[in-house]
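Visitor:
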Amino acid sequence: MSLFWIVIRQLAEIEAMAMSKKVITREEWEKKLNDVKIRKEDMNKLVMNFLVTEGYVDAAEKFRMESGTEPDIDLATITDRMAVKKAVQCGNVEDAIEKVNDLNPEILDTNPQLFFHLQQQRLIELIRNGKVEEALEFAQEELAPRGEENQSFLEELERTVALLAFEDVSNCPVGDLLDISQRLKTASEVNAAILTSQSHEKDPKLPSLLKMLLWAQNQLDEKAAYPRINDLATATLEDPAI
Amino acid sequence: MPTTTASAVCTTVGNNILLRLTSGERDVKLKALRELKNQIIGNRTKKLSFLKLGAVPAVAGILSDAVSAVDVADNDENDRIVKDIIVQSAAVLGSFACGFEAGVRAVLDAGADILIQRGCLVEEMPLLKSYMEVVDAGARSLKMIYQSKMAPKYDFLQEENMEFLLSLLNNESENVSGLGASIISHSCKTSLEQKLLFDAGVLKRLTSLLGGSLIQRDASLESIATIFKNNPEVVSQFVGPDTGRTLSCIIEIVKDRFARTRLLASLCLIVIRNASPCYLQDVGIKTKLINNLLELLDDPGRVGDEASFAFSSLIAEKEDMQKLAFEVNGVDKLYNHLQKGSLHPRRFEGILLALADMCSKLECCRSRCLSLQVLKLVVDALAHDSSDVRSAACMCLRSVSRSIKFIQNLSAGSFMNETIVIPLVRLLDDTSTAVQVAALGAISNIVVDFTTRRSTFIRLGGVKLLVQLSKSMDSTIRLNALRALRNLIFLAEDKCKEEIFMELTASLLASLICDPEPSVQEQALALVRNLVDGRINSVEYIFAEDGIILDAVGRQLRIASKAEIEIQGMYVLGNVATGKESHKEAVMDQLLLRAENKAQSCIIKFLQSNDSRLRTAAVWAVLNLTCSSSPGSSGRLVKLHDAGIVSHVKNMVNDPCLDVKLRVKTALEQFNSFDDSLASTSCLQFLTVRAVGELSHVVDPSSKIPCDSISNSCYVYVTDFCVIYSHVANSINSQCL
Chain H
1 MSLFWIVIRQ
11 LAEIEAMAMS
21 KKVITREEWE
31 KKLNDVKIRK
41 EDMNKLVMNF
51 LVTEGYVDAA
61 EKFRMESGTE
71 PDIDLATITD
81 RMAVKKAVQC
91 GNVEDAIEKV
101 NDLNPEILDT
111 NPQLFFHLQQ
121 QRLIELIRNG
131 KVEEALEFAQ
141 EELAPRGEEN
151 QSFLEELERT
161 VALLAFEDVS
171 NCPVGDLLDI
181 SQRLKTASEV
191 NAAILTSQSH
201 EKDPKLPSLL
211 KMLLWAQNQL
221 DEKAAYPRIN
231 DLATATLEDP
241 AI
Chain P
1 MPTTTASAVC
11 TTVGNNILLR
21 LTSGERDVKL
31 KALRELKNQI
41 IGNRTKKLSF
51 LKLGAVPAVA
61 GILSDAVSAV
71 DVADNDENDR
81 IVKDIIVQSA
91 AVLGSFACGF
101 EAGVRAVLDA
111 GADILIQRGC
121 LVEEMPLLKS
131 YMEVVDAGAR
141 SLKMIYQSKM
151 APKYDFLQEE
161 NMEFLLSLLN
171 NESENVSGLG
181 ASIISHSCKT
191 SLEQKLLFDA
201 GVLKRLTSLL
211 GGSLIQRDAS
221 LESIATIFKN
231 NPEVVSQFVG
241 PDTGRTLSCI
251 IEIVKDRFAR
261 TRLLASLCLI
271 VIRNASPCYL
281 QDVGIKTKLI
291 NNLLELLDDP
301 GRVGDEASFA
311 FSSLIAEKED
321 MQKLAFEVNG
331 VDKLYNHLQK
341 GSLHPRRFEG
351 ILLALADMCS
361 KLECCRSRCL
371 SLQVLKLVVD
381 ALAHDSSDVR
391 SAACMCLRSV
401 SRSIKFIQNL
411 SAGSFMNETI
421 VIPLVRLLDD
431 TSTAVQVAAL
441 GAISNIVVDF
451 TTRRSTFIRL
461 GGVKLLVQLS
471 KSMDSTIRLN
481 ALRALRNLIF
491 LAEDKCKEEI
501 FMELTASLLA
511 SLICDPEPSV
521 QEQALALVRN
531 LVDGRINSVE
541 YIFAEDGIIL
551 DAVGRQLRIA
561 SKAEIEIQGM
571 YVLGNVATGK
581 ESHKEAVMDQ
591 LLLRAENKAQ
601 SCIIKFLQSN
611 DSRLRTAAVW
621 AVLNLTCSSS
631 PGSSGRLVKL
641 HDAGIVSHVK
651 NMVNDPCLDV
661 KLRVKTALEQ
671 FNSFDDSLAS
681 TSCLQFLTVR
691 AVGELSHVVD
701 PSSKIPCDSI
711 SNSCYVYVTD
721 FCVIYSHVAN
731 SINSQCL
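Protein sequences appear in the order of chains H and P. Take 1 as the starting number for the first sequence in the UniProt record's numbering and just add one per residue. Take 1 as the starting number for the second sequence in the UniProt record's numbering and just add one per residue.
(1) Strictly below 8 Å CB to CB, what residues from chain P border residue 4/H?
(2) How many Å lie between residue 56/P and residue 83/P at the Cα?
(3) Helix, strand or coil for residue 219/P per DSSP?
(4) With DSSP run on the structure shown, which of helix, strand or coil describes residue 39/H?
(5) Given residue 63/H, which residues of its chain have a CB within under 7 Å of its CB, disregarding the five upstream and five downstream residues?
(6) Figure out for me which residue from 225/H, 101/H, 122/H and 188/H has the closest Cα to the Cα of residue 157/H.
(7) Hey, would you say residue 353/P sits closer than 8 Å to residue 401/P, going by beta carbons?
(8) So, helix, strand or coil for residue 238/H, using DSSP?
(9) With a threshold of 8 Å, are at least 3 pairs of Cβ atoms found where one atom belongs to the stretch 217-234 of chain H and the other to the stretch 75-94 of chain H?
(10) Using the rule of at least 16 other Cβ atoms within 10 Å of the residue's Cβ for burial, across every protein chain shown, is residue 202/P buried or exposed?
(11) With a Cβ-Cβ cutoff of 8 Å, do residue 225/H and residue 23/H count as a contact?
(12) I need the DSSP call for residue 224/H, collapsed to helix, strand or coil.
(13) Three or more C-beta pairs closer than 8 Å, one from the stretch 486-493 of chain P and one from the stretch 528-541 of chain P: is that the case here?
(14) Is residue 227/H buried or exposed, if buried means 16 or more other CB atoms sit within 10 Å of its CB?
(15) Quick one: any contact between the stretch 11-21 of chain P and the stretch 84-97 of chain H, if contact means 3 or more CB pairs under 8 Å?
(16) Curious, which full-length alpha helix (DSSP H) runs of at least 4 residues does the stretch 445-514 of chain P contain?
(17) Helix or strand or just coil, what does DSSP make of residue 70/P?
(18) Would DSSP call residue 229/H helix, strand or coil?
(19) Show which residues of chain P have a CB atom less than 7 Å away from the CB atom of residue 78/H.
(20) Whether or not the stretch 145-152 of chain P and the stretch 93-107 of chain P are in contact is what I'm after, with contact meaning three or more pairs of Cβ atoms, one per stretch, closer than 8 Å; do they touch?
(21) Does any CB atom of chain P fall closer than 8 Å to the CB of residue 227/H?
(22) Using the beta-carbon of each residue, which ones in chain H are nearer than 8 Å to residue 37/P?
(23) Give me the residue from 119/H, 220/H and 147/H with the minimum Cα distance to residue 13/H.
(24) Which first and last residues belong to the alpha helix (DSSP H) in which residue 274/P is found?
(25) Measure the C-alpha to C-alpha separation of residue 27/H and residue 6/H and round it to an integer number of angstroms.
(26) So residue 94/P contacts chain H; which residues on that side make the cut at Cβ distance below 7 Å?
(27) Within 10 angstroms of its Cβ, does residue 38/P collect 16 or more other Cβ (buried), or is it exposed?
(28) Pull out every residue of the stretch 91-122 of chain P whose Cβ sits closer than 7 Å to any Cβ of chain H, in chain order.
(29) With residue 379/P and residue 423/P assumed to form a contact (beta carbons below 8 Å), what rounded beta-carbon distance in angstroms separates them?
(30) Between 163/P, 540/P, 97/P and 528/P, which has its C-alpha nearest residue 142/P's C-alpha?
(31) Among the candidates 76/P, 286/P and 642/P, whose CA atom is the shortest distance from the CA of residue 270/P?
(32) Relative to the C-alpha of residue 766/P, which residue among 246/P, 316/P, 291/P and 225/P is closest?
(33) Could you give the residue range of the alpha helix (DSSP H) that holds residue 535/P?
(34) Name, please, each residue of chain H whose Cβ falls closer than 7 Å to the Cβ of residue 213/P.
(35) Closer than 7 Å, Cβ to any Cβ of chain P: which residues of the stretch 199-225 of chain H, in chain order?
(36) Please classify residue 305/P as buried or exposed, where buried requires at least 16 other C-beta atoms within 10 Å of its C-beta.
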């Protein structure tokens with residue numbers, strides 16, 4: 001990961017150079033990379049930030065013990081947040097709602113869209129479990145009022161209720177609602193809302209850094225041929241085409 | 001039927017919960033409270049149904065019992081449950097109060113706010129760590145209550161209240177300090193309260209909160225803005241080593257990542273700017289604020305809705321800001337948002353008002369609006385469901401119609417005429433007074449028409465409506481209706497004037513001249529001035545019904561104390577004095593009639609007035625009465641001389657105001673001409689001068705500028721959308737200068 005930092009600094013310097021497409025050999029490149037200094041503390045902070053935001057409590061705890069890096073939020077609050085996220089991911093939406101309300105009763109009261117999505121997920125779970133009657137009742141009692149209170153939810157509401165119309169739910173046009181990805185989406189939304197209420201940024205810094213790297217490389221591509229990182233996972237330098 | 005089943009289910013569940021709430025066992029109570037809480041959070045419908053079942057007083061009762069049962073020093077298991085009960089019941093009450101008016105009312109009626117304050121926020125509690133939950137829960141709920149308009153007013157004048165507030169602000173917990181800030185934002189209204197808070201030193205703490213969490217930052221920004229709003233004194237006392245830091249801190253926050261924070265920071269700066277002219281005046285900060293707000297319009301939620309209102313408060317009445325905003329394509333950006341269609345009413349209103357402010361003074365903005373075809377969207381908005389939107393559309397129309405381009409387009413085709421005039425006339429009958437007033441404002445500008453084609457408006461029955469409105473109980477409506485009529489009648493054709501006068505009637509005019517509201521009197525007199533201006537036979541109107549109008553004018557002149565009324569009245573007399581001999585004599589009678597316990601004619605007071613406009617009007621009247629071409633002038637001159645008026649005029653030969661000076665010079669020439677033999681009659685033919693009628697500038701009447709070419713004695717009153725001109729004898733020039 002240190003390479004990422006290095007490349008970015010390097011690219012900043014290169015920006016000042018000539019307009020015509022320059023060719024930079026691997027040797028030159030690696031030499032310049034070696035000259036860039038990155039602080040270990042900065043990298044540790046990035047890692048901690050990632051673990052904390054994504055909610056890997058145990059890993060964060062261990063990392064703190066081994067590296068001495070302090071997390072920027074209280075690890076105890078992460079546990080609560082993770083419990084909520086897990087509950088949604090397992091399809092226990094009612095449980096998740098209770099936990100969120102215990103954590104901070106304001107969140108769902110001031111976030112109508114999130115609340116709607118949680119209710120929607122509850123309905124989906126009922127349908128998934130084949131509890132059609134209960135699902136119908138739930139839709140009328142809980143979801144319909146949301147649509148009445150707020151017109152913008154009507155479209156999504158219609159899509160969800162449409163699930164009830166099909167016998168073979170997994171193959172119908174709105175079948176994607178039954179995917180696990182839907183659960184993950186809702187879970188992510190809850191996670192973000194809790195983070196925001198705790199005044200924490202809802203996205204970790206690491207993805208932004210990678211995006212910056214890709215963007216910077218694209219910018220440089222117009223001006224030079226140089227060893228590129230094409231696979232972010234391995235971060236290996238690939239030689240420039242000559 | 002589905003709905004019945006649903007609500008039946010709800011009621012059963014609801015009743016079940018409420019039943020368990022009354023249980024003697026604490027465990028059962030606690031469980032029921034949690035269930036209730038989870039049922040209502042986020043669910044407005046459920047809140048309503050539980051409200052109807054009487055949940056709020058029940059929970060308030062539980063809270064009250066639990067609070068008495070708590071022993072602060074104690075820490076055992078029993079107390080654990082009692083604390084939980086307090087936390088949960090506070091959360092339930094807070095949720096009822098969250099953005100739900102009926103809920104807030106119920107919570108306040110049950111005295112829950114006081115209960116929560118006493119129960120959760122007492123002094124001893126924060127000291128014990130285990131009570132943080134209770135404190136937080138209480139603070140959250142109270143904050144919800146205080147965010148509502150219905151929350152009780154916090155009495156800052158009471159010392160113990162102030163102390164409590166300060167303790168809240170200084171508390172470490174963000175919920176508690178946030179509550180303190182909320183109280184300030186909600187309850188601080190008067191300048192006395194602002195000063196009290198400022199003197200108590202809250203700003204220091206609020207500034208430190210700016211560096212805290214998101215919640216603290218937002219709450220603090222709102223409070224700071226509340227303390228400074230419209231209070232130049234407090235802002236000026238804001239000087240010190242800390243000022244620069246606080247201001248630069250807020251300026252930094254304008255670039256914050258959260259949109260709402262950016263908006264609040266901008267609002268804070270705008271409040272400070274508007275209250276005091278010495279802060280935040282450099283171009284950099286001005287441009288930053290403008291750009292920030294225009295960008296915030298992109299936010300799809302409430303922040304975007306409110307951004308346009310903030311923009312208005314930034315640029316309203318400030319030409320320099322409007323110019324800056326224009327230079328960064330403000331008009332285009334606003335128009336783009338307008339085009340999006342199906343806008344939330346609040347957003348629609350905000351953007352229309354912002355456009356109205358942009359176009360209020362600058363022709364470039366209005367011109368741009370017209371090229372972009374903004375009018376089409378604005379005219380559609382005239383029929384919107386929301387009265388605020390209709391009102392805002394009228395104001396936008398009023399601003400844009402000040403443009404010369406607009407007038408040219410109006411005159412050019414009747415299409416433009418009808419699409420705008422028809423909906424506006426319809427609004428004169430609107431259910432909302434505010435809309436009626438706004439429509440009148442727009443109509444006042446639109447009826448200005450130099451090609452005398454006001455026919456569309458009249459054809460649609462506009463005159464009848466305006467006359468009706470001039471009899472309204474509401475003085476603002478009377479005032480604006482008269483203003484519109486005044487503009488309508490300005491330089492109108494004889495036939496048009498006749499129609500209008502017949503609708504108005506002399507008695508109505510006379511009574512409006514004597515209206516209890518001075519501003520209405522002024523407009524009525526201005527209307528009469530425009531009525532009698534023009535051809536000689538127009539003067540006859542003032543003598544209708546035994547001259548009640550003229551009597552009313554004379555009466556008002558004798559008792560009035562407001563310069564604006566006196567000016568209009570004198571111009572009326574001045575205009576009448578351009579008529580036949582009998583007309584001039586009638587004016588003389590009015591002038592020489594003394595008011596009770598007044599030694600001299602009112603005109604002498606006017607000639608000595610500090611207001612140059614009034615002096616001008618008075619001298620005009622004298623001029624017209626003594627013009628050399630009229631046979632009775634010499635006789636009138638003698639009377640004026642005997643009343644001491646002539647000597648006063650002679651004393652004004654060096655008047656500081658050029659208008660006055662020129663008139664006086666002419667008058668003196670006229671006086672002298674009665675002594676010498678008449679020099680050349682040809683040049684005296686045009687000595688009849690008339691102070692021509694005046695156009696009511698809807699916003700700022702003081703934009704009349706006497707044209708530079710005084711040598712032509714041609715007064716050009718330029719309002720920013722039309723021209724009034726008066727004809728004065730050219731020959732006088734050759735004699736005077």
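The beta-carbon is built from N, C-alpha and C at its ideal position, and this holds for glycine as well.
Guide: Taking the structure as given:
(1) Residue numbering aside, residue 4/H sits at position 4 when the first sequence is read from its first letter. Those do not exist, as residue 4/H stays about 23 Å from chain P at its closest Cβ, beyond 8 Å.
(2) Against the second sequence, residue 56/P aligns to sequence position 56. Against the second sequence, residue 83/P aligns to sequence position 83. Taking the straight line joining both Cα atoms gives about 19 Å.
(3) To locate residue 219/P, count along the second sequence from 1; it is residue 219. Helix, per DSSP.
(4) In the first sequence, residue 39/H corresponds to position 39, counting from 1. Here residue 39/H sits in coil by DSSP.
(5) The residue given as residue 63/H occupies position 63 in the first sequence. So the list reads 47, 48, 51 and 69, once near-sequence residues are dropped.
(6) The residue you call residue 157/H lines up with position 157 of the first sequence. Considering only alpha carbons, the answer is 122/H.
(7) Taking the first residue of the second sequence as 1, we reach residue 353/P at position 353. Taking the first residue of the second sequence as 1, we reach residue 401/P at position 401. Cβ distance not < 8 Å, so residue 353/P and residue 401/P don't count as in contact.
(8) Within the first sequence, the letter at position 238 stands for residue 238/H. Here residue 238/H sits in strand by DSSP.
(9) no
(10) Along the second sequence, read from residue 1 onward, the residue named residue 202/P stands at position 202. The residue in question, residue 202/P, is buried, as its Cβ has 16 or more Cβ neighbours within 10 Å.
(11) Within the first sequence, the letter at position 225 stands for residue 225/H. Within the first sequence, the letter at position 23 stands for residue 23/H. Closer than 8 Å, so yes.
(12) The residue you call residue 224/H lines up with position 224 of the first sequence. Residue 224/H falls in the strand class under three-state DSSP.
(13) yes
(14) Position 227 of the first sequence, counting from 1, holds the residue named residue 227/H. That one is buried.
(15) no
(16) 455-459, 462-469, 475-489, 494-504 and 506-513
(17) Numbered from its first residue, the second sequence carries residue 70/P at position 70. If DSSP states are grouped into helix, strand and coil, residue 70/P belongs with coil.
(18) Here residue 229/H corresponds to residue number 229 of the first sequence, with the count starting at 1. Strand.
(19) Locating residue 78/H in the first sequence gives position 78, where the first residue counts as 1. Those within 7 Å of residue 78/H in chain P number zero; the least Cβ separation is about 17 Å.
(20) yes
(21) Here residue 227/H refers to the residue found at position 227 when the first sequence is read from its first residue. Closer than 8 Å: no.
(22) For the purposes of this step, residue 37/P is taken as residue 37 along the second sequence, with counting starting at 1. Those within 8 Å of residue 37/P in chain H are 101 and 105.
(23) Indexing the first sequence from 1 puts residue 13/H at position 13. Residue 220/H is the option with its Cα nearest to residue 13/H.
(24) Position 274 of the second sequence, counted from the start, is the residue given in the question as residue 274/P. Segment 259-275, the alpha helix (DSSP H) holding residue 274/P.
(25) Against the first sequence, residue 27/H aligns to sequence position 27. Against the first sequence, residue 6/H aligns to sequence position 6. The straight-line gap from Cα to Cα measures roughly 15 Å.
(26) Stepping through the second sequence from its first residue, residue 94/P is reached at position 94. Near residue 94/P (Cβ distances below 7 Å), the residues of chain H are 105.
(27) For this step, residue 38/P is matched to residue 38 along the second sequence. Looking at its Cβ environment, which holds 16 or more other Cβ atoms inside 10 Å, residue 38/P is buried.
(28) 91, 94, 95 and 98
(29) To locate residue 379/P, count along the second sequence from 1; it is residue 379. To locate residue 423/P, count along the second sequence from 1; it is residue 423. Right, the Cβ-Cβ distance comes to about 6 Å (below 8 Å), so this counts as a contact.
(30) The residue given as residue 142/P occupies position 142 in the second sequence. Out of 163/P, 540/P, 97/P and 528/P, 97/P has the C-alpha closest to the C-alpha of residue 142/P.
(31) Here residue 270/P refers to the residue found at position 270 when the second sequence is read from its first residue. That would be 286/P, whose Cα lies nearest to the Cα of residue 270/P.
(32) With chain P running from 1 to 737 in the structure shown, residue 766/P is simply not present.
(33) Mapped onto the second sequence, residue 535/P falls at position 535. Residue 535/P -> no alpha helix (DSSP H), and no H or E assigned at all.
(34) Against the second sequence, residue 213/P aligns to sequence position 213. Chain H residues near residue 213/P: 199.
(35) 199
(36) As a working mapping, residue 305/P is identified with position 305 in the second sequence. Result: buried.
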